Amino acid sequence: MFSSEDRELIKRIVRLASVMLAASGAAGLLSAYVPDRQAGINFAGMWGVLLGAIALWAAIVFNPWVHFRPVYLIPSTVLGLGLIALGQYLVAGDRGTFISLVYLVLVLGAAFYSPRETLLLSIFTALLTGLPIIYDYHPDFVRHWMVQVPVMIGVGYFSSVVMHELKRSRRERGELAAIAEAARVSTSLDLAATLQATAEQLGQVLESDACLVYMLEDDLLHVRAATFNPAVFPEAVAERVRSHPARVGQGLTGWVAEHGEPIVTGDAERDPRAGHVPGTSYDTLSYVLMPLTVEDRIIGIISTIKQGKDQYERDIVNIVSIFADQAAVAIENARLYEETRELAATDSLTGLKNWRHLSDRLDKELHRAATEGGEVSLVMMDCDQFKAVNDRLGHLNGDRLLRECGRCIEGLLPEGRVLGRYAGDEFIILLPETGPTEAARLAELVRSTVSETEFLLEGVAVRMTISLGVATYPRDGRDAEALLKAADDAMYHSKTTGGNYVSSAAGAA
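For this note's numbering, count along the sequence shown from 1 and bump the result up by 720.
1) Measure the Cβ-Cβ separation of ILE1019 and LEU922 and say whether it is below 9 angstroms.
2) Taking just the CA atoms, how far does VAL933 sit from VAL1014?
3) Do you know offhand how far THR720's Cα is from HIS1077's?
4) Buried or exposed: ILE794, going by 16 or more other Cβ atoms within 10 Å of its Cβ?
5) Are the beta-carbon atoms of THR947 and ILE1022 separated by less than 9 angstroms?
6) Suppose you measure from the CA of ARG789 to the CA of LEU841; what does that come to, to the nearest Å?
7) If you reduce the DSSP assignment to three classes, tell me which class VAL943 lands in.
8) Can you name, in chain order, every residue of its own chain whose Cβ lies under 8 angstroms from the Cβ of LEU926, other than the five neighbours on each side?
9) Let me know if SER1001 comes out buried or exposed under the rule of 16 or more other beta-carbons within 10 Å of its beta-carbon.
10) Classify PHE953 as helix, strand or coil using the three-state DSSP reduction.
11) Report the CB separation of ASP987 from LEU972 in whole angstroms; it is logged as a contact under 8 angstroms.
12) Do ASP910 and GLU1058 have their beta-carbon atoms positioned less than 9 angstroms apart in this structure?
13) Determine whether the beta carbon atoms of GLY1028 and GLU1095 lie at a separation below 9 angstroms.
14) Keeping to the same chain, check which residues put their C-beta closer than 8 angstroms to that of VAL943; ignore five residues upstream and five downstream.
15) Who are the near neighbours of SER928 in its chain, counting only those whose CB is closer than 7 angstroms to its CB and skipping five residues on each side?
16) Just to check my reading of the structure: VAL1190 and ALA1160 have Cβ atoms closer than 8 angstroms, yes? What is that Cβ distance to the nearest angstrom?
17) By Cβ distance, which residues of its chain are closer than 7 angstroms to ASN1074, with the 5 residues on each side in sequence left out?
18) In the DSSP assignment, what residue or residues form a beta bridge with LYS1073?
19) Return the CA-CA distance between THR1004 and LEU1072, expressed in angstroms with no decimal places.
20) Could you tell me the distance, in whole angstroms, from the CA atom of VAL952 to the CA atom of GLU959?
21) State yes or no: is the C-beta of LEU1122 within less than 9 angstroms of the C-beta of THR1070?
22) Under 8 angstroms by Cβ, that's how I've got THR1173 and ASN1220 pegged, so tell me the actual separation to the nearest angstrom.
23) Assign GLY1093 to buried or exposed, taking buried as 16 or more other Cβ atoms, counted over all protein chains shown, within 10 Å of its Cβ.
24) For VAL997, which of helix, strand or coil comes out of DSSP?
25) When DSSP builds the beta bridges, which residues end up paired with ARG967?
26) What does the alpha-carbon distance come out to for the pair GLY1218 and GLU1135?
27) Out of curiosity, what's the CA-to-CA distance linking ASP1119 and GLN1046?
28) Per DSSP, what kind of secondary structure is GLN916 in: helix, strand or coil?
29) Which residue or residues does DSSP assign as beta-bridge partners of GLU1174?
30) Quick check: SER1187 and LYS1215, are their CB atoms within less than 9 angstroms of each other?
31) Should THR1192 be labelled buried (16 or more other beta-carbon atoms within 10 Å of its own) or exposed?
32) Measure the CB-CB distance between GLU1085 and PRO1152 and report whether it falls below 9 angstroms.
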């Protein structure tokens, strides 16, 4: 019924209750010996209690294993002093109200501190509640106070133990949620989709106003995926943040990339390591930044942001770390898969797409055109008198000429058009959603540009011309094989006319 951790917690509570009852009983016996004497100031007792309280307070603040946050410690001290003043007022009247307020403060304080820290605070508070004795001695109050001291300490400590367990349970649920969400990230081998899923899933787990995934490229970190709460980050601000790269060693993101350590900051603008994105306001923002690490190598940074001060608990690092570890593996796998796929589709000599990739893409475009209606064009090109260049300058320069020619042609193509190497010194341009007129215009632009360009090969200026053939689906062929043959025939017609010419399949037929 109960787990081992639950049973251990129950035993701990029973032991604590037993000790508290025993201490209260002992204090009750001792309270019977409180002397009945005239009220007045006990200077020796006053100094003893004050010095004891100061020593205990110093032990709390300066002890290396206690990590108090000043934002809570200062109000706690002020509230404690207020309780003393209230106790002085109530000591001659309703003492029960005073003690009840002390218990309330201890329970509230337990929500902010660990059990070990709360135990010290409870002892400190219990001693402070006895200060009215020094100024206005009442035997009944002294007896009542002696009985209540162990109860105060026990209630404070018990409350902290319970709240600590509740926080631990909540943290474990958060860690499980992080693991579940990170598992969802790893379901895709598409790099862009994986990065976006990483930003979205972690943003949901932490309920953040923004989550950004930076990828490390040379010495810069670029935002490759992001989610923004438009109420906190309007589109204009979000775009500035998204387009602003971070340099390693500069700003919070750069600091994490340089040191490989996470950052949790409750006020980023006041953090000495922070920079500022130009064009954005100086709002109070809380950040959590975690490196994405694969085999001790940082591949990126994940950054989550919440509006307001101290919005993240320190132990949130555990949740983000679990998520980041799994997300980093998923991102690296997607990146390697994309690189492998890119290498498989790339011609090793020219760096252009190879015929295998072009063939697959051509089949897809023809299927789409057949289903939705439309046209697809092919431009086949062959270098004129390329053998003469090889014979005169050597095959290495011939290979260099093919690469330079490919770069020249690729720079002329609009987005969505694909250039690839077919075989030898032949190239193909795939033109989706393009008719014969537009394809012929583009082919003529390629022909004239190449013929007017001087290619430098080992200091020698070389000019080259190309022959081009244009074919369009469905006019010149209704499948890939027929379309390719029509373009090849048109190109051969251009070569037979002397080269440096563009022929269409319809005109060459």
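Built from N, CA and C at the ideal position, the CB exists for glycine as well. It should be emphasised that the depicted structure is a prediction, and the values quoted were computed from it without experimental measurement.
Answer, in terms of the structure:
1) Between ILE1019 and LEU922, the CB-CB gap reaches or exceeds 9 angstroms.
2) Those two C-alpha atoms are separated by around 15 angstroms.
3) A query on residue 720 cannot be resolved here, the shown segment of the chain reaching from 721 to 1229 and no further.
4) Confidence at ILE794 is low in this model, with a pLDDT of 49, below 50, so its placement is unreliable and the value that follows should be read with caution. Burial state of ILE794 is exposed, judged by a 10 Å Cβ sphere holding fewer than 16 other Cβ atoms.
5) No, the pair does not count as a contact, with Cβ atoms beyond the cut-off.
6) Confidence is the limiting factor: at ARG789 the pLDDT is only 45, short of 50, which leaves the residue's position unreliable and the question unanswerable from this model.
7) Strand, per DSSP.
8) Hits under 8 angstroms: VAL1008, THR1024, LYS1026, TYR1032, ILE1036, ILE1039 and VAL1040.
9) With fewer than 16 other Cβ atoms inside 10 Å of its own Cβ, SER1001 counts as exposed.
10) Here PHE953 sits in coil by DSSP.
11) Cβ atoms of ASP987 and LEU972 stay farther apart than 8 angstroms, at about 12 angstroms.
12) Cβ distance < 9 angstroms, so GLU1058 and ASP910 count as in contact.
13) No.
14) Excluding residues within five positions, the ones whose Cβ falls inside 8 angstroms are LEU932, VAL933, TYR934, VAL961, ARG962, SER963, HIS964 and PRO965.
15) The answer, listed in chain order, is THR1024, ILE1025 and LYS1026.
16) Confirmed, about 5 angstroms.
17) Taken in chain order, the residues that qualify are ALA1065, THR1066, ASP1067, GLY1140 and ARG1141.
18) Beta-bridge pairing links LYS1073 to THR1066 and GLY1140.
19) Going by the C-alpha atoms only, they are around 49 angstroms apart.
20) VAL952 and GLU959: Cα-Cα distance of roughly 13 angstroms.
21) At a Cβ-Cβ threshold of 9 angstroms, LEU1122 and THR1070 count as neighbours.
22) Between THR1173 and ASN1220 a beta carbon distance of about 13 angstroms is seen, past the 8 angstroms cut, so the two are scored as non-contacting.
23) Its Cβ having fewer than 16 others within 10 Å, GLY1093 is exposed.
24) DSSP, reduced to helix, strand and coil, places VAL997 outside both helices and strands of the structure shown, so it counts as coil.
25) Looking at the DSSP output, ARG967 sits in a beta bridge with LEU940.
26) Going by the C-alpha atoms only, they are around 32 angstroms apart.
27) Straight through space, the alpha carbons of GLN1046 and ASP1119 are spaced by roughly 44 angstroms.
28) Here DSSP, grouped into helix, strand and coil, assigns GLN916 to helix.
29) Listed as beta-bridge partners of GLU1174 by DSSP are ARG1183.
30) Yes. Within cutoff.
31) Buried, since its Cβ has 16 or more Cβ neighbours within 10 Å.
32) Between GLU1085 and PRO1152, the CB-CB gap stays under 9 angstroms.
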